[in-house]
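Everything in the sequence shown is counted per this note's numbering, starting at 14 for the first residue and increasing by one.
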Amino acid sequence: MAMFPLFVLQLFAGPIMESVGVESSIAADVGKYCTLLNVSSALLIIEIHFYIVFVNLGHCHCATINSLLSGVGVDVICAYYFIYKWDWGVEGAAWVQITVKSTRVLVWLVLMLYYKLFDTFFVSSTKEALLTRKEFNIFFKLAAPTIVLYFSGWLIFELQIVAIGKISSISAAGIAAGAIWVQLESTLASVQSGWISATSMRTLSLMGKEDPGAAKSFALMCFLSFFLVGLSNIPFVLYSGDLAAIVSADPQVQHWFSQICWVLAIHTQTRICSINATCLLVPFGFPTTGVTSTFIAFYLFAAPISGTIALSNLVTTDVTTKMLACVSATAIAQVPLAVFGFIYMYRLDWNDVAKTIASRANSDKTPVLEGLTGPLLTTPPASPKLRSV
């Protein structure tokens, strides 16, 4: 339901693009891709829900199996045939995504049967209402700020692409190198999503059980993700020239990319910290804090600094420095965001938050004794509080 407006928007993506001045042939291809993308998005929503339940049930290895089969297997094979061999173009790229998502859903269904989890997913053992007003309100309070949070975080990357093209005296090779940087960032972000999901789901699972070790588990997961991401960043610092030769055959593009490649290490390191530090603010009951802190860090702090250096000559006229300022915008925002988030997490009363999450998780349970009333059922849990320091 929450995605319905976006589905409708994608159906009319072609005419919308053409109305704002995009060439008709390009707008038509965009329209075809976005229309097929609706199918892929719907499958993705189903697949993500299956993934979350499997992980929470302790079958984390199943996620790895599914990724290997659908990613290394189906994705690579379909991309080769649909795009390169059969030359389906933009529609081929969309059909690759549909095929991969369909395969992931099919693998989850097979794993459900293998582990005898079909009833766990689809058969209710109680006579509970499918969707109550209370559950809908909880969903809206969690989904709405999360969507805003994602869009506020993603918009900065679109602004980075635009800003790179607006740098004075930048060459076409420099713009290409900047585009490669942004594309690599998207790939690295996808790799990090596993750690982020594991940290948030593990912590929320323990909090829902009111486990007193939830805070320590959260800290441990954050440390492990920081350490392993740091190991993966070593090539970007030590072998930037070799990586530049891999991503492009153009010597000029290689030169410019080698100048900004190392920023990926700082970006990914600060990214994993800032997201782990703030991803729980919404489910913990602090949506305004999460959205506001992200907006301030990215658009009131980092964007003015980066924009001033990259798009004007007030600080420097050197193109390399301007490019570095442009691609460093996210890292500039993520450092204070991570510091703020971890301090906020430290000062939280985790016991109060655990009670709130446990109450929310049990919101759909029907009372055993009909007609039971009183504070037990009518009084909502107190809002989580910050510890005094």
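Backbone N, C-alpha and C fix where the C-beta goes; we use that ideal spot for every residue, glycine too.
Would you call the CB atoms of T333 and Q173 closer than 9 Å? For T333 and Q173, no; Cβs fall outside 9 Å.
Taking the straight line between their C-alpha atoms, what separation do you get for V68 and D331? Between V68 and D331, the C-alpha separation is close to 49 Å.
When you compare the CB positions of L82 and T116, do they come within less than 9 Å of one another, or not? Closer than 9 Å, so yes.
If you run the structure through DSSP and keep just helix, strand and coil, what is L82? The three-state reading of DSSP puts L82 in helix, counting H, G and I together.
Would you mind sorting P158 into buried or exposed? The rule is 16 or more other CB atoms within 10 Å of its CB. So P158 ends up on the buried side.
Tell whether a beta-carbon distance below 9 Å holds between A202 and R284. Contact flag set, yes.
In chain order, which beta strand (DSSP E) runs of at least 3 residues are fully inside the region 183-261? Runs found: none.
Taking the C-alpha atoms as reference points, what is the distance between A337 and I273? Looking at the sequence itself, residue 337 is Leu, so the reference to Ala does not match. Between the alpha carbons of L337 and I273 lies a gap of roughly 6 Å.
Could you tell me which of V304, S319 and K368 sits nearest to V161, measuring between CA atoms? Closest by alpha carbon: V304.
Between L155 and the rest of its own chain, which residues show a CB-CB distance below 7 Å, the 5 nearest in sequence each way excluded? Same-chain partners within the cutoff: V295 and P296.
In whole angstroms, give me the CA-to-CA distance for T137 and Y64. Here residue 137 is Ser; the residue named in the question, Thr, does not match the sequence. Computed Cα separation, rounded: 19 Å.
Can you give the Cα-Cα distance for S54 and V120, rounded to whole angstroms? So the alpha carbons of these two residues sit roughly 17 Å apart.
Less than 9 Å between the beta carbons of V195 and F164, yes or no? Not closer than 9 Å, so no.
Take the Cβ of T379 as the centre, count every other Cβ of all protein chains shown within 10 Å, and call the residue buried at 16 or more, exposed below. Reliability fails at T379, whose pLDDT of 48 lies under 50, so the model's placement of it is uncertain and the value that follows must be treated cautiously. That one is exposed.
So the candidates are T291, I370 and I322; which of them puts its Cα closest to the Cα of Y359? Residue nearest to Y359 within the set T291, I370 and I322 is T291 (criterion: CA-CA distance).
Are the CB atoms of G298 and T369 within a distance shorter than 9 Å? Taking 9 Å as the Cβ cut-off, T369 and G298 qualify as a contacting pair.
So within the region 273-361, which uninterrupted alpha helix (DSSP H) runs reach at least 4 residues, ignoring any that extend past its ends? Runs of the alpha helix (DSSP H) lying entirely within the region 273-361, each at least 4 residues long, are 276-291, 300-308, 316-324, 332-340 and 342-360 in chain order.
Could you give the distance in angstroms between the alpha-carbon of N51 and the alpha-carbon of V328? Distance between the alpha carbons of N51 and V328: 45 Å.
How is M125 classed by DSSP in three states: helix, strand or coil? In this structure, DSSP gives M125 a helical state, which the three-state scheme calls helix.
Helix, strand or coil for V103? Go by DSSP, reduced to three states. Of the three classes helix, strand and coil, the one that applies to V103 here is helix, per DSSP.
Shortest alpha-carbon distance to L56 belongs to which of F20, A41, T77 and G44? When only C-alpha atoms are compared, the closest one is F20.
Of the residues G207, V204, F355 and K229, the one placed nearest T216, counting alpha carbons only: Of the candidates G207, V204, F355 and K229, the one whose C-alpha sits nearest the C-alpha of T216 is K229.
Under 9 Å between C-beta atoms of N289 and S206: Cβ atoms of N289 and S206: not closer than 9 Å.
Could you please give the first and the last residue of the uninterrupted alpha helix (DSSP H) stretch that includes L70? Annotation: L70 is outside any alpha helix (DSSP H) and is labelled neither H nor E by DSSP.
What is the C-beta distance between S184 and Q265, in whole angstroms, given that I count them as a contact (C-beta under 8 Å)? The C-beta distance from S184 to Q265 rounds to 7 Å, short enough to meet the 8 Å contact threshold.
Determine, for V87, whether the minimum Cβ-Cβ distance to residues of chain B falls below 9 Å. The structure shown contains no chain B, having only a single protein chain.
Which residues in the same chain as Q110 place their Cβ atom closer than 6 Å to its Cβ, once the five residues preceding and following it in sequence are excluded? The answer, listed in chain order, is S53.
S306 versus M16, L350, G86 and L24, residue with shortest Cα-Cα distance: Per the Cα distances, L350.
Which residue wins for smallest C-alpha separation from V66, given the options F135, E36 and I29? Checked all of F135, E36 and I29; the closest Cα to V66 is F135.
Give the secondary structure of I177 by DSSP, where H, G and I count as helix, E and B as strand, and everything else as coil. I177 falls in the helix class under three-state DSSP.
Is E104 near L49, with beta carbons less than 9 Å apart? Here E104 is near L49, since their CB atoms are less than 9 Å apart.
Are I279 and S319 closer than 9 Å when you measure CB to CB? At least 9 Å separates the beta-carbon of I279 from that of S319.
Quick one, which of P28, I58, V118 and N246 has its alpha-carbon nearest G44's? For the residues P28, I58, V118 and N246, the minimum Cα distance to G44 belongs to P28.
Which word fits G178, buried or exposed, when buried means at least 16 other C-beta atoms lie within 10 angstroms of its C-beta? When all chains shown are included, G178 counts as exposed.
What residue range does the alpha helix (DSSP H) around D132 cover? F131 to F135 is the extent of the alpha helix (DSSP H) around D132.
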